[in-house]
Structure formats: C-alpha cells, structure tokens
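As you go down the protein sequences, you meet chains A and B in turn.
Per the working numbering, numbering through the first sequence is continuous, rising by one, with the last residue being 424.
Per the working numbering, numbering through the second sequence is continuous, rising by one, with the last residue being 1424.
Here's the structure, in structure tokens; my notes come after.
Protein chains: 2
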Amino acid sequence: MNVTVIGLGYAGLPLTVKLCLLGHNVTGVDKDKKKIDKFQNNVLPFAQDEPYLMELFKKAILSKRISFSLKFDSVSTSDLVFINVDTPLKGNKPDNSSLFSATQNCSKFLKKGTIVVIESTVAPKTCDNLLIPILEKDSNLKINKDFFLAHVPERIRPNHIFKQLTKLNRVIGVSSIKIKPILTKIYSGITTGDLDFTSLAAAEVAKTVENTYRDVNIAFANEVAMACEELGVDIWQIRRLINKIPVYNLHEPGAGVGGHCIPKDPWLLASSVIKQSLKITRTARAINDSMPKHVLELAEKSLAIIGRKIKNTNLVILGYSYIGNSDDSRNSPTKDLVKRLKMKKAIFKIHDPYVSPYDQTNLERVITGADCLILMVAHDYYKKLKLKDIASKMNIKIIVDGRNFFDKKQAQKNGFIYKGVGNV
Amino acid sequence: MNVTVIGLGYAGLPLTVKLCLLGHNVTGVDKDKKKIDKFQNNVLPFAQDEPYLMELFKKAILSKRISFSLKFDSVSTSDLVFINVDTPLKGNKPDNSSLFSATQNCSKFLKKGTIVVIESTVAPKTCDNLLIPILEKDSNLKINKDFFLAHVPERIRPNHIFKQLTKLNRVIGVSSIKIKPILTKIYSGITTGDLDFTSLAAAEVAKTVENTYRDVNIAFANEVAMACEELGVDIWQIRRLINKIPVYNLHEPGAGVGGHCIPKDPWLLASSVIKQSLKITRTARAINDSMPKHVLELAEKSLAIIGRKIKNTNLVILGYSYIGNSDDSRNSPTKDLVKRLKMKKAIFKIHDPYVSPYDQTNLERVITGADCLILMVAHDYYKKLKLKDIASKMNIKIIVDGRNFFDKKQAQKNGFIYKGVGNV
C-alpha cells in the first residue's frame, strides 16, 4: 500500500520505518526542514540511543520504499495517511495548530477511499467535532462515504520505542466499522498486541484517561511523600509495604513529571468537559508541577541546617531529560528547577549524559568544590558515582535526591546531609 | 498465653476466636452489655452470614478457653492485650474517645512485661504521641522497660473475614525490636501471610495510606465516570481498555464509598499533618461523598425525560449495606441517598436481603407499580431479577444503576430508560 505519515517525531518516525519494513511505500512528511534534510541524508536527528531505531532506519533507507518530504502531495496517492504531529498545550488548553494544519494540508490532497489515522493524542471529541469537518470541507468528500477516519492513539514512551510499537495493545477508534478489516491487517503487522476496536470518542477518552490515571497516581504518591517528610517516615518503605498486596500500586514519588504525554493529556481530558471540573485531575497537575519547587525547598532546608542560603551556593544538578536513560527533555522538571534557581540567583551547573550541551559538562570537575548535589533524573549513568568519592570532592556535603537514587543511610554514613523526596 | 482482646467487632471478635483456637486463654472485653450477654449465651450478634465464623465461634466456646467480660481485670494477668475498638470520626477529625477509654482502662491493670497491641486503625503518630503517654501515666510503668507497644493495623473487610485474617500479610509496628520474636510467634499462628516489622509511625502511615489510595482511586474513577456521562462514552468500556495493561488499575466507579475504613482513614491521615493539606485526599473524599447525590441526579434526569419530577414518584432502592453480600451498613451510601430523598419528599421503599428491617420488604410487591428502580448495592441476590419480569411489573420503566449491575442494552431492549454511573 501507499502510505503517508505526517509528523516525524518519537512516534511518527518509528512508525514510518516499521511501515516501510512491512513492505509498504511510505512517505514521511514533516514541516521541519532541518529534520527532513537529515532524514534525506540518512541521519537520525534524535533518539540516537534508542535500541534498534538506527539499525532499522538504515534498513528502511536501503529498501528504497521510504522517502521524506516537506510537502503533502503523496497524500493524493495514499491509501492510508497517518497523522502523528505534536499536540501541545497553550496554557492549559489544547494547542491544535499543528494538528489542524496537518489535517487541512492532508484534506487538500485527500482522494476517495483513503483512511486518515490520527495517532496524535487529542482531547475527547476532537475527531468528531473538529477533524471530520476540516477533512470534509477542503476535500469536498464525505466521511464514511468517500473517506474514513480512525483514531489510534500512540502509546510510545522513550526507551525501547520499537519494543513498545511492536508489542503493545492498540485501541482503534473508527468512524465506521467498514474499515476494521484493513486496519486489522495494518496494525497486526505493526504490533503483536491486541487490537481493540471502538468509537473515535472512546479511543480519545481511553488514551487521555490512561495518562491522567498515571498523573493522578504519581501526584498522590507525591502528596503522601510530602506527608511522610512531615511525619518522619520513609515513603519508600511505606510503598514497599503497601504494594506487597498486588491490588495496590502506589506510584513512585519524585522531582516532577515531564515528557510529551503525562503533563499534557490530563489537560486535554479536562478541556473536553464543561459540566465536570475534574478536580482530582487538576489538583494532581498542580502537585506534580510543584515538585521542582519542593526539591528546591529541600535544598534550602538542607543548607539551613548549616546556616547557609541558596544564594552563592555552588549547586550541581544531575539530569536534564524528563526520564532516566533518555535524551527527551520535553517538559522536563529540571527546566522548572533551573528557572527557580535563576530567580534565587543561585550558582549552578547542569550535567546530563544524554542532553546537549550538558553532556559536555565534566562531571568530576563540577562536583569538585560543589556545595550541594541535586539529583533530578535517575540515569543509570550516575550509578558509577560512589558516595565516598563524591564526599571527598565536595566542599559542603549535601545531597538532595529527587529520585530515591542514593541510599540515605549510606549517604549519612559518608557525612552527607541527605534529603530525598518523601525521605528526609 | 493469657490474652485480652478489647473491642469485639468485625475485627476483634474473629481475632478472639482465632487466638482461642490457637490454644491461648482469651478474654474478650466490650463495653456493650447486650453484645457481651449474647456472646455469653453463645450467640453471634452480627456477621452471622460470614463463612466459618459461627462454626469457629462455637468451637472456641466448647474449648472453654474463651470468656467474655464488660470489665478489664483480665488485663492484669494478660501477656498480650489487643485493642480493637472503633476509631470513628467526629466531623473530619479522629474521635479517639473509645480508643483512649480502652487504653486508659487497660493501663490501670497493666502488669510488667505485657505487650499492648493496637489493631485499631489510628491517625499517624497516635501511638507515639497519645497512647504511650496514657499507658505510662496510669500504670506507672515505663515503655520498653516495663511494657511494650505494637501497632498491627487490622486489614479485615466484610465477606470472608476469616480468610483475610488467616492469609493476609501484616505490618507490625513495634516500640522496641525486643518484642519481634513473641509477635512473630503470635501472628505467624494467626496468618500465613508475611509479617513486616517496622516503627509504630510507619505502620500507622502504611495502613491509612493504603485505604487512602483506594479512596483516591475510586474517586478518580468516579470523576472520569461523570466526564464519560458528559462525553457520551461508557466508562466500563474505557476501564476494560485501560486495565488490559497490567500497570493500570482504574478502579470501579459507583454510587459511593462506605464501610468503617475507606471513608474514614483518609481523614485520619489528613489529621496527622499540618504543613501538608493533602489536597487530592480531601478532594477524593468530597467526590466519593457526593456520589449518592449524583445517583439522585441521574434519577431526576431519567424522570425529566418523561416530564416527571422526583416528588410523588414511587422509587425502589435496592441495597442498604455498604458493600455487596454483606450486612455491614456502616457509612452506607444508601443512608445519604435516603436523607436526600426525604428532603425531596420522594416516596421510596428500601430492600436489602441482609439488612434488617429491609430484608422484610417484599421485593416483588414493591417493584410492582414502581416508577424508578435505583440499584445501590450489587448483592448477588439481585441477579435473580430478570429485566423482562421487572419491566412487566413496573409502572414507569426507569433503572438508575449505581453499580453497573444491569446490562444497559438489555435494559433498553426491555423498554427501560437506563442511566448508570458513567454510562448514561
């Protein structure tokens, strides 16, 4: 089949590669000229460390069934068009500009019989109320008569993108049950997971609720963690005790929630309802957004023990991405921490083994003479840091642990003032 | 060993029986004279339908190692004293009157070497800050020198109390690690589950957080359910789709949360901290408490479809207990619904196969001529209700389903207006 994929990010690119390797002729479209140039020169502009991605990308290139373009004309000969553009926020409301632009451009070239598949996460009712009208208007075609719409929200998270793409169950919302056979064929090639067919709206709700569930449960863990700090108990011990019973899944508290999905999808869900205020959802967002501020407060409390203030203190921040072992820094909690540190006129250095330019920071050198280490991301890379070595290099020995990365008792044995989220 | 158990309710009575059957000499103490009279006459005043309870109770009586008393003098010869009294709320704060009274009475008779075990759920820091001082004061004994304190929060829920008592893991908070061997011996006789030793405060936090986790997750499910009603999708389908992936556990939405634990323990937790407001925890409580009101609104919306109001409408409420297949009606959501219906001057009948006097209601007779059926509790007993039969008996055919008990499509096929929580 002829296929176009619009939007070549963390979800769209692996899909493009996979569809090509399945034998389809695929055109990858993106509005970012630099990205397209790189793809055309067989270079991956991101996610270089993702297992399999580079290897399979090269294989796809060699097959000659893959091409990249800034333009949408391939849509006019495509049986399937996937839309995988970013759907970010503007304030707390969905910013559908990329999505609408992609849909509009797609509709201009839309031919009869084509199935448009929205893989971007969207607010419930977006497909029915916003995208179908756009697609019908510019194409002069009629939904379920001349063309079809599906919503198959992507479920990809950094680290092992390909494993997720090819193993996870997919929820497939369709405008008409008529397209079930063809989408079954396509997606059962992509994934060995279950394919669950439903309505467009139910697929939208399932995806946004899924990530809201995670956000709410992380926020609850953070709320409990902060209570534990006040009560003088260790949240991680509490968590182990509770989660011994399989029905409980108290999530991991931490320095904040980032990425393209979890901080955003709850707002997509909330924006879709008027009568319901989704108070837990909104409260959870506020709590998770406040965690970098809480980390800063833990640093200030640690410094207060020795009569110091954050101003003129040499801080080292470990981790800039939003998740361990990844270069993805979208909505990273460290960005918020950095903003706050600047407001406090603090002196700080950032290190991250995956994120440029912080991968250039000499870790040993910045630790030497530092007053306070703030661990924001649990990169495996940091496992090589030995408490004894750090202690010998630092000026004042303070660790603020946003990810329960260091052992508190060991840190204290090595002379550190240690404060972790939920374990002070 | 000689043992006293103070407080003979859903948790204390099975414990008393179990300890007796393990070979200990047990005195069960309760302030309720009627209850003690019944026990002394070999009668179970509650939970008669609990599997094994009656049988094992009789076995214990025959052993002659069990006795019941209104007085506390058995404490003076007891190696172990268990306190299992109710710890309810007064407003949103813990009402420790029964707990303090039991502890005080216990301390008056406390002998050297005794271990006091608090099985009642208490607000974090209650043991350290409130109970140890009470026990030390009246006894003139010193904690960890003359006597010891443990907090082993009960984990019992109605239905299969004995299975839970004898299988579940127990968290054991101790005032001193010295009592670990004896408590290991005692509790490994009671349960085959793990025994996890920790501090008194950590045991208090683990228990209250465990139930708060459930309350928050039910409230989130309710929040999503109400959004689904607005969006016209079925929460139960969404839930199935999300929970296919094992890391997700979207809970069941419904007509409200009752019982002695879940509506209360979040407030115990919240009362223990000052700096943290526990916003998610408090919001969750408000949402779950509002669900009977929401059920009433669903009834009103259903009636509005045919131009009727709730006043002068014949309602039948199915279920008065707080949970299916149980007689336990503590904090039952139906109680709140009833209060609201009275305010609306609605005409209603209540049926419950387990709760007196509603077990005397003739189900068939009250359904005949009724205008609206509100299912509040998913008793298996109601499975015998066939939609076709109900339809033929009712005057106006409306079902408001608080527990996803009836099949919506089948109900509609049988001519019902059907509105379920999260599926309207």
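Think of the CB as a built atom: it goes at the ideal place given N, C-alpha and C, for glycine as much as any other residue.
Note that the coordinates shown come from a computational prediction; the quantities given were computed from them, not determined experimentally.
Opening and closing residue of the alpha helix (DSSP H) in which residue i lies
i, result
"Phe1220/B", "1200-1231"
"Thr16/A", "12-21"
"Asp1265/B", "1265-1271"
"Pro181/A", "180-190"
"Ser429/A", "With chain A running from 1 to 424 in the structure shown, residue 429/A is simply not present."
"Asp289/A", "279-289"
"Leu1241/B", "1235-1243"
Residue range of the unbroken beta strand (DSSP E) whose run includes residue i
i, result
"Asp401/A", "398-401"
"Ile1036/B", "Taken as a continuous stretch (DSSP letters only), Ile1036/B belongs to no beta strand (DSSP E), being part of the alpha helix (DSSP H) at 1033-1040."
Residue-level contact to chain A via CB, residue i, 8 Å cutoff
i, result
"Gly1468/B", "The structure shown does not extend to residue 1468/B, since chain B is modelled only from 1001 to 1424, so the question has no answer here."
"Phe1220/B", "yes"
"Val1233/B", "yes"
"Ser1272/B", "yes"
"Asn1423/B", "no"
"Glu1154/B", "no"
"Asn1169/B", "yes"
"Ile1399/B", "no"
Euclidean distance between Cα positions of residue i and residue j
i, j, result
"Asp1336/B", "Asp359/A", "59 Å"
"Lys345/A", "Asp289/A", "21 Å"
"Met226/A", "Ser78/A", "53 Å"
"Ile1218/B", "Ser1063/B", "43 Å"
"Asn25/A", "Asn211/A", "33 Å"
"Pro357/A", "Ala11/A", "24 Å"
"Asn41/A", "Lys33/A", "12 Å"
"Lys311/A", "Cys372/A", "12 Å"
"Gly1007/B", "Ile1156/B", "14 Å"
"Leu1099/B", "Arg1308/B", "49 Å"
"Gly9/A", "Val43/A", "14 Å"
"Lys1163/B", "Pro1266/B", "25 Å"
"Ala1370/B", "Lys1342/B", "17 Å"
"Pro292/A", "Thr126/A", "32 Å"
"Leu1183/B", "Lys1142/B", "20 Å"
"Glu1050/B", "Val1355/B", "14 Å"
"Ser76/A", "Val209/A", "35 Å"
"Val116/A", "Gly1232/B", "23 Å"
"Ala153/A", "Val1085/B", "Checking the sequence, you will find Pro at residue 153/A rather than Ala. Distance between the alpha carbons of Pro153/A and Val1085/B: 51 Å."
"Asn423/A", "Lys180/A", "51 Å"
"Lys409/A", "Asp234/A", "12 Å"
"Ser1097/B", "Cys1106/B", "14 Å"
"Ile61/A", "Thr4/A", "16 Å"
"Ile1161/B", "Pro1014/B", "8 Å"
"Tyr1322/B", "Met1376/B", "9 Å"
Any C-beta of chain B under 8 Å from that of residue i
i, result
"Asp196/A", "yes"
"Glu230/A", "yes"
"Lys279/A", "yes"
"Glu210/A", "yes"
"Asn395/A", "no"
"Leu241/A", "yes"
"Met54/A", "no"
"Thr283/A", "yes"
"Ile238/A", "yes"
"Gln276/A", "yes"
"Glu223/A", "yes"
Residues sharing a beta bridge with residue i, DSSP
i, result
"Asn25/A", "Asn2/A"
"Tyr1418/B", "Ile1399/B"
"Phe1068/B", "Gly1028/B"
"Ile1347/B", "Asn1314/B"
"Arg1170/B", "Leu1195/B"
"Leu80/A", "Val3/A, Ile115/A"
"Asn249/A", "Answer is none; Asn249/A lacks a bridge partner."
Cβ of residue i within 8 Å of any chain E Cβ
i, result
"Pro1124/B", "The chain labelled as chain E is not found among the protein chains of the depicted structure, namely A and B."
Please give the ranges of any beta strand (DSSP E) in the stretch 83-163 of chain A, keeping only runs that are unbroken, at least 3 residues long and fully inside the region. 115-118, 148-151
For a minimum of 3 consecutive residues, which ranges assigned as the beta strand (DSSP E) are wholly contained in the stretch 294-341 of chain A? 314-318
Return the chain-ordered ranges of every beta strand (DSSP E) run that is complete within the stretch 1350-1413 of chain B and spans a minimum of 3 residues. 1372-1375, 1398-1401
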